[in-house]
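Below: one structure, written as structure tokens.
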Amino acid sequence: MHEEVIMKNRDLAYCERVIKQHSKSFYYAFSQLPKQDRLAVYAIYAFCRMCDDAVDEEQGSIDQIQRELDHFKRGKVVDHPVWRALAWVHERYEINTDFYDEQIEGQRMDLMFKQPETFETLVMYCEKVAASVGGMLLPILSHEVDAQRYAQARRLGVAMQLTNILRDVGEDYRDLQRIYLPRQMMAHYGVTETQIAQGQVTNGFKQLFEALAAEAETRYKQFRDELSHYKREARLPVCLSATVYGEILNVIREHHYDSLSQRHVVPRSRKQALYRKEKHKVGG
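Per this note's numbering, residue 4 is the first one in the sequence shown, and the count goes up by one each step.
Quick look at the structure:
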């Protein structure tokens, strides 16, 4: 029993290191949760990160994760810190494993990347890779787990992924030769691949940015309007994660919409100011 406790603590510590290394914003927000809930969130994040990293390797890696997930569903836990941590999570929360499949499916879309043709196609992708995370986290963060609450959580996931896409336009093109901006919207606003490649922040790019940012910000607002359905102790962390992520859009605006030549983040001092503001508003 003592060895099992040591192993569990190591596995959960591993997951905490993963989120701390790869997403300081999420880590900062969710570290405010009660211990069991925050450790569960860290494990979910580590799974999603594992899927994301697999896409950067090769087809076989994501196939391997799918096989391991199939074993997990049958109660056979793979000898890996993330899977053991997830087993611990599933002993405490009723999480629908279909959301794990959806996450993997979204990562496969990245593996076989094709630029979205329409905004609707882009949202479909966001639903897979990000809204699925909202579905995984909901049973940890809310006592109300129904279709309406799932829709709320998934809207937030889409908003965050749209924010990611706007933040990483230049980086995605330089590093991965990918453009997530919908073709139809680029054509409508007169934005070309050449302009993105050359880092040209045109008026058309600014308008396209604002069109997608408006879609994200509408979803952030819808989420905030229904915050009362979350556990009291989860409201501040969840709201803080949404607010800090949404603030990325304002930081990009302040830098003249240039997400082509640089990747913008919310400064630590600003995160702390947002935390104080949200704590006052939410009453955390």
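No residue lacks a Cβ here, since even glycine has one placed at the ideal position from N, Cα and C. Computed from a predicted structure; not experimentally measured.
How long is the line joining the alpha carbons of residue i and residue j, rounded to whole angstroms?
| i | j | result |
| --- | --- | --- |
| residue 77 | residue 8 | 23 Å |
| residue 16 | residue 10 | 10 Å |
| residue 47 | residue 98 | 10 Å |
| residue 25 | residue 36 | 19 Å |
| residue 89 | residue 58 | 20 Å |
| residue 118 | residue 261 | 21 Å |
| residue 23 | residue 84 | 16 Å |
| residue 160 | residue 39 | 22 Å |
| residue 173 | residue 208 | 12 Å |
| residue 231 | residue 239 | 11 Å |
| residue 41 | residue 52 | 16 Å |
| residue 65 | residue 203 | 35 Å |
| residue 272 | residue 256 | 18 Å |
| residue 275 | residue 29 | 13 Å |
| residue 205 | residue 194 | 8 Å |
| residue 282 | residue 104 | 35 Å |
| residue 108 | residue 167 | 19 Å |
| residue 201 | residue 259 | 16 Å |
| residue 93 | residue 75 | 10 Å |
| residue 149 | residue 279 | 31 Å |
| residue 226 | residue 67 | 35 Å |
| residue 73 | residue 82 | 14 Å |
| residue 189 | residue 218 | 16 Å |
| residue 19 | residue 56 | 16 Å |
Considering residue i, what are the terminal residues of the alpha helix (DSSP H) in which it resides?
| i | result |
| --- | --- |
| residue 189 | 186-192 |
| residue 175 | 172-179 |
| residue 234 | That residue, residue 234, is in no alpha helix (DSSP H); it is neither H nor E in DSSP. |
| residue 1 | Shown here, the chain extends from 4 to 287; a query on residue 1 therefore has no answer. |
| residue 109 | 101-114 |
| residue 271 | 271-285 |
| residue 135 | 135-144 |
| residue 121 | Note, residue 121: premise wrong, no alpha helix (DSSP H); not H, not E. |
| residue 196 | 196-200 |
| residue 2 | Here the chain covers residues 4 to 287 and nothing more, so residue 2 does not appear. |
| residue 47 | 38-58 |
| residue 27 | 27-33 |
Compare the Cα-Cα distances from residue i to each of the options and report the closest residue.
| i | options | result |
| --- | --- | --- |
| residue 3 | 18, 13 and 135 | Outside the displayed range of the chain (4 to 287) lies residue 3, so it cannot be described from this structure. |
| residue 211 | 179, 87, 57 and 183 | 183 |
| residue 199 | 235, 139, 263 and 246 | 263 |
| residue 250 | 201, 176 and 169 | 169 |
| residue 220 | 165, 254 and 179 | 165 |
| residue 245 | 21, 103, 137 and 142 | 137 |
| residue 228 | 69, 68, 158 and 109 | 158 |
| residue 12 | 91, 239, 237 and 52 | 91 |
| residue 180 | 75, 116, 194 and 20 | 116 |
| residue 121 | 274, 191, 283 and 272 | 191 |
| residue 216 | 197, 248 and 186 | 248 |
| residue 177 | 189, 163, 187 and 196 | 196 |
| residue 123 | 186, 108 and 226 | 186 |
| residue 2 | 167, 82, 281 and 252 | Since the first residue of the chain shown is 4 and the last is 287, residue 2 is not available in this structure. |
| residue 131 | 149, 54, 201 and 148 | 54 |
| residue 139 | 106, 113, 73 and 114 | 106 |
| residue 288 | 21, 114, 34 and 19 | Residue 288 is absent from the structure shown; the chain starts at 4 and stops at 287. |
| residue 63 | 45, 114 and 75 | 114 |
Report back the beta-carbon spacing between residue i and residue j to the nearest angstrom; my notes put them in contact at under 8 Å.
| i | j | result |
| --- | --- | --- |
| residue 32 | residue 243 | 4 Å |
| residue 125 | residue 241 | With a Cβ gap of about 24 Å, residue 125 and residue 241 do not count as contacting. |
| residue 156 | residue 95 | Actually they are not in contact, since the Cβ atoms of residue 156 and residue 95 sit about 18 Å apart, beyond 8 Å. |
| residue 269 | residue 254 | 6 Å |
| residue 171 | residue 266 | 6 Å |
| residue 141 | residue 128 | With 8 Å as the limit, residue 141 and residue 128 do not qualify as a contact, their Cβ atoms being about 21 Å apart. |
| residue 146 | residue 234 | 6 Å |
| residue 70 | residue 80 | Their Cβ separation, rounded to whole angstroms, is 13 Å, which puts residue 70 and residue 80 out of contact at 8 Å. |
| residue 223 | residue 162 | 5 Å |
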